[in-house]
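According to my numbering, the stretch in the sequence shown is residues 481 to 962, in order. C-beta atoms are modelled at their ideal positions from N, C-alpha and C, and glycine is treated no differently.
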Amino acid sequence: MKKKFLKAMACAMSVCMLSMSLAGCGDDTQEQGSSTPTEKSQESSKEESSVADSQGEESSEEQPEVDPNENLYPAYDLGGVELKVLAHNNFGDLNPDAEGLEPDKVEERKLKKEAIEAKYNVKLTFVNSPTDSWDDIRDEVVKAYIAQDPVADIMSAYYTFVGPYYANNVLYDFTNDFASSDVFTEKSQFNFAGKMLGITKGMGGEGLYYNADMIRDLGMEYTPAEMFDMGKWSYDDMLAYLEDMRKKMPEDQYPMFVDPGYWILFACSGNGVDILGEDGDLNYCDPAMLECLDFYQKTVDNKYNPIPAVTNEAGEVEYNTWGYPGETFDQGQTVAIAHRAAWQAAGCPDKFDLEFVPYPWGSNVTIDESKVGEPGAYKTLSDNYAATYFDGKLTCLINGIEKKANPMHVMSMLMEWQTWDDTIVGYVEPPKEDTDNYPPWLEDNSLSKELYYFSTSKEKLQIYNSIKQGNGFVMGKNLQAV
481 MKKKFLKAMA CAMSVCMLSM SLAGCGDDTQ EQGSSTPTEK SQESSKEESS VADSQGEESS
541 EEQPEVDPNE NLYPAYDLGG VELKVLAHNN FGDLNPDAEG LEPDKVEERK LKKEAIEAKY
601 NVKLTFVNSP TDSWDDIRDE VVKAYIAQDP VADIMSAYYT FVGPYYANNV LYDFTNDFAS
661 SDVFTEKSQF NFAGKMLGIT KGMGGEGLYY NADMIRDLGM EYTPAEMFDM GKWSYDDMLA
721 YLEDMRKKMP EDQYPMFVDP GYWILFACSG NGVDILGEDG DLNYCDPAML ECLDFYQKTV
781 DNKYNPIPAV TNEAGEVEYN TWGYPGETFD QGQTVAIAHR AAWQAAGCPD KFDLEFVPYP
841 WGSNVTIDES KVGEPGAYKT LSDNYAATYF DGKLTCLING IEKKANPMHV MSMLMEWQTW
901 DDTIVGYVEP PKEDTDNYPP WLEDNSLSKE LYYFSTSKEK LQIYNSIKQG NGFVMGKNLQ
961 AV
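Printed below as a string of structure tokens:
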């Protein structure tokens, strides 16, 4: 397998070198900073892709496994420039010099990097993070930029790092480039405070998962998904549902567990309010936010939602909110409904029948009352009903990149390197369904799957961790204390 792989990569690199010479190595006629590939480049890429598809299965085995998009992206000539890549996050996963890699993985990453360098006539140099402390990376990147000694030209940043980067003008602004180009899908463009800062993959698919076995054993008339489907998942409806569950449960079991920090982060979207408004103001005192928090307070006061307190070695009270659902809900014990991310929920079906329901809504969201009680009533929820996603991986460039190479050409190269072919519109039609968020653990439950897709279709970014730094302002921890 390894010999076949190396042979394929060697062929791919030869093709890349040839394509550089035949493709005109790009675009010396275009000014630095221009954003749109020529129509000829796009048509050529489409034709090459069609030819590759028409060759059939017999040739597919010879394609290099690490570069399935070989013919999808134009071979822009970056003029032999050296670009520094921060070996962190997504790009850390491409670094052949990363510690602890098996020899075959080192070879795979090395060959892929060399193929990209050959195709785009560029030298890519990985540089290590300026600190070993995850929490300090953003500050060190900002300091280096302010000192006019940027740590890199290319980064993959968590959304939680973007606030300080934006405030200090660290990232290249793609707003004008994206506006004058249809190359990158609108969905893939990261908009922060009105500026387009790169191409992104958001991490969504979070919501309320529940133990359907436990719900059925309690003798509940409807499951949470059925309640939502009928439009009966307002704050009042859900509170009544939790109360009914509590009455039927043993003393050591609870209807729900959601960390207070997660509640404010995810439940606010369900009530149509943002944590950070478009005007830059925090909305913690907005009536819709206060209603959201008031509901949560009722779940705690009525013992529907436990907040387990523990005493640390210093005698201080802390709250085991992160570990608690993994110790209980994930094991099929104690808690019936819990907030879980997709990666956390994936292992639960081995223990019980797992189902999904989106977050409830309050009075800031409306529904067609004439439809309530009927299947599909939730489809009449007002447009301000939303689901939260709060983090992801942003492929971005450091300001000053435009002096070295065309930023749009660099970004196209990075998309190929990461094999995110669905982010390119000019060369391939995007998939009709977002398979990245497909929940295989819900496959056998059509209603849960339907609601999961509804939830992901309503996702919006909530800025949360990006503003937690400074003055000890850590909302989740402060909410626990409250």
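The stretch 697-712 makes no contact with the stretch 759-775: fewer than 3 CB pairs, one atom from each, lie closer than 8 Å. Comparing alpha-carbon positions, the option among 790, 793 and 810 lying closest to residue 830 turns out to be 810. Look at residue 824 here: in three-state DSSP terms it is helix. Residue 634 places its beta carbon less than 7 Å from that of residue 563. With respect to the 7 Å criterion, residue 570 and residue 636 are classified as neighbours on the basis of their beta carbons. Beta-bridge partners assigned by DSSP to residue 819: 688.
Assigned with DSSP and collapsed to three states, residue 867 falls in strand.
Taking the Cα positions, residue 899 is about 16 Å away from residue 556. Under the Cβ criterion (8 Å, minimum of three pairs), the stretch 795-806 does not count as touching the stretch 654-662. Residue 772 sits in a helix when the DSSP states are folded into three classes. Linking residue 895 to residue 722 through their CA atoms gives a straight-line distance of about 46 Å.
About 13 Å separates the beta carbon of residue 566 from that of residue 622, a gap too long to meet the 8 Å contact definition. The distance from the Cβ of residue 583 to that of residue 619 is about 36 Å, inconsistent with a contact at the 8 Å cut-off. Under the DSSP definition of a beta bridge, residue 683 partners with 871. Here the C-alpha atom of residue 616 lies approximately 9 Å from the C-alpha atom of residue 610. Three or more beta-carbon pairs separated by less than 8 Å link the stretch 809-827 to the stretch 730-739, which places the two stretches in contact.
Between the alpha carbons of residue 669 and residue 684 lies a gap of roughly 16 Å. Counting only the Cα atoms, residue 805 lies some 15 Å from residue 832. Note that the C-beta distance between residue 687 and residue 876 is not below 7 Å.
Here residue 605 is exposed. Its C-beta has fewer than 16 other C-beta atoms within 10 Å. Classified as exposed, residue 794 has fewer than 16 neighbouring CB atoms from the shown chains inside 10 Å of its CB. With 16 or more neighbouring CB atoms inside 10 Å of its own CB, residue 640 falls in the buried class. Residue pairing from DSSP places residue 636 in a beta bridge opposite 875. Residue 602 carries a coil assignment under DSSP once its states are collapsed to helix, strand and coil. Contact between residue 603 and residue 597 holds: their C-beta atoms lie close to 6 Å from each other, under 8 Å. DSSP places residue 799 in the uninterrupted beta strand (DSSP E) bounded by 797-799. Annotation for residue 735: the continuous beta strand (DSSP E) segment containing it runs 734-737. DSSP places residue 713 outside both helix and strand once states are collapsed to three, so it counts as coil. Residue 847 and residue 861 do touch by the CB rule: their CB atoms are close to 5 Å apart, below 8 Å. Residue pairing by DSSP places residue 791 opposite 797 in a beta bridge.
Rounded to the nearest whole angstrom, the CA to CA distance from residue 824 to residue 937 is 20 Å. Between residue 714 and residue 868, the CB-CB gap reaches or exceeds 7 Å.
For residue 775, same chain residues with a beta-carbon under 6 Å away, outside a window of 5 residues either side, are 715 in chain order.
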